[in-house]
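So the sequence shown is numbered by our numbering: it starts at 348 and just counts up by one. C-beta: ideal position from N, C-alpha, C; glycine also. Note sheet for the following structure.
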Amino acid sequence: MGGLNEKIAGSLARLRAAGGDRVGILRSSVLGRTDQERLVKYGYLKQIMPGWLMVVDPHFRAGDSTPYYANFWKFLSMYCEDRFGALWTADAQTSLRLHADENTVPPQVVVISPGANNRPQAFPFNTSLFSLRAELPPTVMRDGMRVLPLGDALVRAAPAFFTQQRSTALAALASLGSASEVVTPLLAGGHSVIAGRLAAAFRAIGRSRVADEIVSAMTAAGHVVSERDNPLKDLPPGLSFKRRVSPVAARVTALWAELRTGVLDAFQEEPRQMDDPERYLEDVDGQYVADAYHSLSIEGYKVTPELIEKIRRGDWNPERIEADREQRDALAAKGYADCFALVRTAVADILGGADAAALVLDRHMAWFRAMFQPSVAAGLFDDERLGGYRRHFIYLDGSRYVPVAHASVQDAMDAYFDAFEAEPDPRVRAVLGHFIFTYIHPLPDGNGRIGRFIMNTQLASGGYPWTVIPVDERVRYMRSLDAASLDHDVRPFAALVSDVVRREPPPPRRRSAGEEPAYRE
Numbered sequence: 348m349g350g351l352n353e354k355i356a357g358s359l360a361r362l363r364a365a366g367g368d369r370v371g372i373l374r375s376s377v378l379g380r381t382d383q384e385r386l387v388k389y390g391y392l393k394q395i396m397p398g399w400l401m402v403v404d405p406h407f408r409a410g411d412s413t414p415y416y417a418n419f420w421k422f423l424s425m426y427c428e429d430r431f432g433a434l435w436t437a438d439a440q441t442s443l444r445l446h447a448d449e450n451t452v453p454p455q456v457v458v459i460s461p462g463a464n465n466r467p468q469a470f471p472f473n474t475s476l477f478s479l480r481a482e483l484p485p486t487v488m489r490d491g492m493r494v495l496p497l498g499d500a501l502v503r504a505a506p507a508f509f510t511q512q513r514s515t516a517l518a519a520l521a522s523l524g525s526a527s528e529v530v531t532p533l534l535a536g537g538h539s540v541i542a543g544r545l546a547a548a549f550r551a552i553g554r555s556r557v558a559d560e561i562v563s564a565m566t567a568a569g570h571v572v573s574e575r576d577n578p579l580k581d582l583p584p585g586l587s588f589k590r591r592v593s594p595v596a597a598r599v600t601a602l603w604a605e606l607r608t609g610v611l612d613a614f615q616e617e618p619r620q621m622d623d624p625e626r627y628l629e630d631v632d633g634q635y636v637a638d639a640y641h642s643l644s645i646e647g648y649k650v651t652p653e654l655i656e657k658i659r660r661g662d663w664n665p666e667r668i669e670a671d672r673e674q675r676d677a678l679a680a681k682g683y684a685d686c687f688a689l690v691r692t693a694v695a696d697i698l699g700g701a702d703a704a705a706l707v708l709d710r711h712m713a714w715f716r717a718m719f720q721p722s723v724a725a726g727l728f729d730d731e732r733l734g735g736y737r738r739h740f741i742y743l744d745g746s747r748y749v750p751v752a753h754a755s756v757q758d759a760m761d762a763y764f765d766a767f768e769a770e771p772d773p774r775v776r777a778v779l780g781h782f783i784f785t786y787i788h789p790l791p792d793g794n795g796r797i798g799r800f801i802m803n804t805q806l807a808s809g810g811y812p813w814t815v816i817p818v819d820e821r822v823r824y825m826r827s828l829d830a831a832s833l834d835h836d837v838r839p840f841a842a843l844v845s846d847v848v849r850r851e852p853p854p855p856r857r858r859s860a861g862e863e864p865a866y867r868e
C-alpha cells in the first residue's frame with residue numbers, strides 16, 4: 348500500500364500544481380490521464396461532465412449532490428468563460444437572484460451571448476444551462492459571475508418575476524441605490540410601460556422618491572407613464588422599505604412577512620394561557636432524554652438514552668472514551684445537556700412574563716457556546732468557533748439551497764430579530780423563528796438544534812407543550828424545510844410542527860414497525 352499511497356500523493360501534488368485544490372473546478376486537459384483516473388478512482392476528483400472535473404472530499408458518498416451544488420456557480424462561470432470568453436452574461440432573472448444574494452441552485456440558468464446556440468446544455472442532478480443568442484447587454488461582475496447591472500436587470504425582468512419570486516424581487520427593489528440605475532436604461536430603450544410598472548412597484552414598497560424620479564424623467568423625455576400595472580399587488584401590511592437596505596435584509600424581512608399567513612393557515616390551534624408553570628417545567632424535565640435523543644439523532648449523532656441519562660447525572664468521564672466517533676457523539680450529548688439547561692431556564696423566565704423574542708436575541712449565542720464548549724475543551728473544535736456567527740461558506744447536505752453568504756450573516760440576523768420581535772403570534776414566532784434561523788444558518792454548527800430550541804421557547808410563550816420532532820419524521824422534516832427554502836412554501840413545515848405539538852411525547856427510541864404516534868387527549 349506504500350507504493351499506492353506514494354502514487355496518490357504524487358497525483359495530488361500535480362493536482363495542486365494545476366490549481367485544482369485552490370479553485371475546486373478544473374478542465375480535464377490540465378491534468379494527465381493517469382492522475383485523473385487515479386484521483387477519480389480513490390474519490391479525490393469527480394467528473395462533472397466530459398472535459399470538466401471537480402475536487403471532492405473522498406468521504407462523500409458516490410452520487411452525493413452536495414459537492415456539485417456547493418461548486419455550482421463557480422463551475423457555471425468557468426464553463427461559460429471557456430465557451431464564450433468574456434462575451435456572456437446571466438439573464439435578468441438569474442442576475443436579480445444573484446444581486447439579491449440568493450445563491451440557491453436553480454433547475455436552469457439562462458445566459459445571453461452572441462455566440463450562443465439557443466439550446467440547453469444538460470448538467471448533473473437535473474440542472475441545465477440555456478444559452479440565448481442575442482446582442483450582449485451591459486455586464487458587471489458579481490461574485491465571479493457576469494450579470495446584468497441591477498437597474499438593467501429590473502428593466503428586463505418579466506412581469507411574472509415580481510409575482511413568482513416576490514421576495515427576491517422585493518430584495519432587488521429595496522437594495523437599489525440611485526434611481527438613475529433604472530432611469531438610464533428606461534430612457535435608453537424608451538420603455539414607458541416598464542417605467543410605469545417599476546414606478547408602481549417602488550411606490551408599493553414605500554420608495555416613492557425613486558418612483559417619482561422614474562415618472563419625472565420619462566415624462567420630461569416625452570413619454571406617457573401609467574402606474575396602473577402594479578406587479579406587487581396585495582403586499583403584506585406594513586412591509587415597507589423607505590430607504591435602501593442590504594439585499595439579504597430585505598429578503599429576510601420579506602420572507603417573514605410573506606410566510607406568516609401560511610403558518611397560520613397550517614397551524615390553527617389557538618394559543619392558550621399557561622396556568623401552571625411549575626407543572627409545565629416538570630414536563631420539560633421529563634422530556635429531556637427523549638428530546639436529546641431525537642434532536643441529536645436527526646443531526647446524525649449515535650446516542651443512547653443510557654448515555655444521555657449518565658451525562659445528565661454527571662456520571663461520565665470523557666477521558667474513558669477512546670474511539671473518535673464515540674467521543675464526538677458523547678461530547679455532543681454533553682453540550683446538548685448544558686444547552687438544554689439554559690433553554691429550560693429561559694422557558695421558566697418566559698412563563699414568568701419575560702419577552703420571549705427579546706430573550707432569544709439576548710441568549711441564543713450563550714446557548715450555542717454551551718452546546719460546543721465541551722467539544723472545544725476536548726480539542727475537537729478550535730476556540731474561535733465560539734466567537735460568534737460563522738465566517739465561512741457553508742452548504743447543506745444534498746440540498747440545492749445555499750445559505751446566506753457569511754459576509755451577509757449579520758445583516759440577515761439583524762433583519763431576522765427585527766421581524767421576530769415585531770411578531771405578535773407565538774405560532775409564527777415558533778415556526779418562522781426556527782425556519783428562518785436555519786435558512787440563514789448563522790452559526791458554524793448546531794443551527795438545527797438551536798433552531799428547535801428557539802421553536803420550543805416560542806411554543807412555551809403560547810402555552811403549547813414542549814415539543815419533540817422525532818427522528819422518525821426526519822425525512823418529512825428536512826423536505827418541509829427544503830420546500831420553505833426553495834419554494835417559499837412554509838405550510839408543510841408549519842403543518843409538521845402543528846402535528847407534533849398535538850402528539851404525546853415520543854419515547855427515546857425509533858418507532859417500531861407499524862407503531863403509530865399517540866395524540867394528546
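Nonlocal neighbours in the same chain, by C-beta distance under 8 Å from residue i, ignoring five residues either side
i, result
"P853", "A637, H641, V815, P817, D819, P864"
"E851", "P864, A865, Y866, R867"
"L483", "L434, W435, T436, I459, S460, P461"
"Y648", "R675, D676, A679, A680"
"R710", "L689, A693"
Among the options, nearest to residue i - alpha-carbon criterion
i, options, result
"I787", "P773, T804, I697, D761", "D761"
"A639", "A860, R799, Y736, P750", "R799"
"H570", "D448, K580, L534, A551", "L534"
"I561", "E528, A695, D581", "E528"
"R821", "Y811, F840, T692, D836", "F840"
"A437", "A409, V494, D429", "V494"
"D622", "S593, P578, A695", "A695"
"F508", "P578, R710, L386, D765", "P578"
"A463", "L843, S358, D490, W435", "W435"
"L833", "I783, R363, W813, S358", "I783"
"A546", "A558, R554, S539", "A558"
"Y742", "T451, A481, W813, R838", "T451"
"R430", "S722, F477, V595", "F477"
"Q615", "G379, L373, R380, R849", "R849"
"L351", "A568, Q634, Y389", "Y389"
"V341", "D730, W813, R619, G543", "Coverage of the chain is limited to positions 348 through 868, which leaves residue 341 absent and any answer about it impossible."
With 16 other Cβ atoms within 10 Å as the buried cut-off, status of residue i
i, result
"P461", "exposed"
"F588", "buried"
"T566", "exposed"
"F740", "exposed"
"M492", "buried"
"E770", "buried"
"E353", "exposed"
"T608", "exposed"
"A433", "exposed"
"G524", "exposed"
"S859", "exposed"
"S593", "buried"
"A481", "exposed"
"A777", "buried"
"T474", "buried"
Straight-line gap, residue i to residue j (C-alpha atoms, nearest Å)
i, j, result
"T413", "W399", "17 Å"
"G700", "A677", "35 Å"
"Q468", "L479", "11 Å"
"A717", "C686", "5 Å"
"Y391", "P397", "17 Å"
"A551", "G734", "40 Å"
"E646", "V572", "55 Å"
"S563", "Q511", "29 Å"
"E768", "A759", "14 Å"
"F728", "L643", "18 Å"
"R575", "T692", "54 Å"
"H781", "M802", "5 Å"
"V456", "G795", "30 Å"
Contacting residues, own chain, Cβ-Cβ under 6 Å from residue i (five flanking each side not counted)
i, result
"H446", "L497, A519"
"T486", "T436, R493"
"R659", "A684"
"L708", "F764"
Contacting residues, own chain, Cβ-Cβ under 7 Å from residue i (five flanking each side not counted)
i, result
"R857", "V818, D819"
"S375", "Q383, G398, W399, L400"
"M348", "Low confidence applies here, because M348 scores a pLDDT of 46, under 50, leaving its location unreliable; read the following figure in that light. Correct list: empty, nothing qualifies."
"A597", "L517, A518, A521, S522, F588"
"F407", "T413, P414"
Any C-beta of chain D under 7 Å from that of residue i
i, result
"E673", "Judged by its chain identifiers, the structure shown contains no chain D, having just a single protein chain."
### Task
Would you check if there are 3 or more beta carbon pairs closer than 8 Å linking the stretch 442–458 to the stretch 509–526?
Yes, since at least three Cβ pairs between the stretch 442–458 and the stretch 509–526 fall closer than 8 Å, the two stretches touch.
### Message
Check whether the stretch 735–749 and the stretch 415–431 are in contact - that is, three or more C-beta pairs closer than 8 Å.
### Response
Under the Cβ criterion (8 Å, minimum of three pairs), the stretch 735–749 counts as touching the stretch 415–431.
### Message
Three or more C-beta pairs under 8 Å: does that hold for the stretch 711–726 against the stretch 825–842?
### Response
Touching, no, given that fewer than three Cβ pairs across the two stretches are closer than 8 Å.
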